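Since the structure comes first, as structure tokens, the remarks are kept for the end.
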């Protein structure tokens, strides 16, 4: 996958510049969506020159990808904390709610960033989050998942992909409360089935 950032920020000042650019992009997405979202407008909102912006990002797509990647990391960390605190089935609803409401911004902004993430990162980004999640919980006494990589893959990908599909089809007018319940039932049923199969294998 092509590197989206041209210069990795190493100093506090450089990091602050990158943060200002990302925050400006988020604000413009919230107010106008993708309408007139240009690098010039982003630079102006961030209070930096266009030349400075291009030192860190090659184009608008690179900025959207960086913003979406940061948001994806934040949600994954939130879910990891929830799993470690409540690894039992009852923690599923908290995780679904983190996926539905954890990302910052309006539904339109979240969809734009989700599209940017999958457009630029695709399956590589999903794999990165998947392995980062497994690495975070591995070896933790409060978390024991003996069902294998395939089951973990299903659990970490299913809700994300279904919620992305729901966001991309607003014409369906899905009720978010009902959708939350259905996703919880889906994953709880799968976990229950995994546990039943594991008990049968031990018998």
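Numbering (the numbering used here), first residue to last: -7 to 195. Note that the Cβ used here is the ideal one computed from N, Cα and C, for glycine as well. Bear in mind that the values here come from a model prediction, so they are computed numbers and not experimental data.
Which ranges would you report for the alpha helix (DSSP H) in the segment 18 to 106 if only whole runs of at least 4 residues count?
31 to 38, 42 to 48, 52 to 77 and 84 to 93
Have a look at 108, 85, 187 and 185 and flag the residue whose alpha-carbon is nearest the alpha-carbon of residue 156.
The sequence position of residue 156 within the chain shown is 164, counting from 1. Checking every option, the nearest Cα to that of residue 156 belongs to 108.
Do residue 152 and residue 105 have their CB atoms nearer than 8 Å?
On the chain shown, position 160 is the one that residue 152 refers to. On the chain shown, position 113 is the one that residue 105 refers to. Contact flag unset, no.
Give the C-beta separation of residue 170 and residue 88 to the nearest angstrom, bearing in mind that I take them to be a contact with Cβ-Cβ under 8 Å.
For the purposes of this step, residue 170 is taken as residue 178 along the chain shown, with counting starting at 1. For the purposes of this step, residue 88 is taken as residue 96 along the chain shown, with counting starting at 1. Taking 8 Å as the upper bound for CB-CB distance, residue 170 and residue 88 are not in contact here, some 12 Å apart.
Write down the C-beta distance between residue 31 and residue 45 rounded to the nearest angstrom, noting that I regard them as a contact closer than 8 Å.
For this step, residue 31 is matched to residue 39 along the chain shown. For this step, residue 45 is matched to residue 53 along the chain shown. Rounded, the Cβ-Cβ distance is 6 Å, consistent with contact.
Could you tell me if residue 41 is buried or exposed, where buried requires 16 or more neighbouring beta carbons within 10 angstroms of its beta carbon?
Numbered from its first residue, the chain shown carries residue 41 at position 49. Flag for residue 41 reads exposed.
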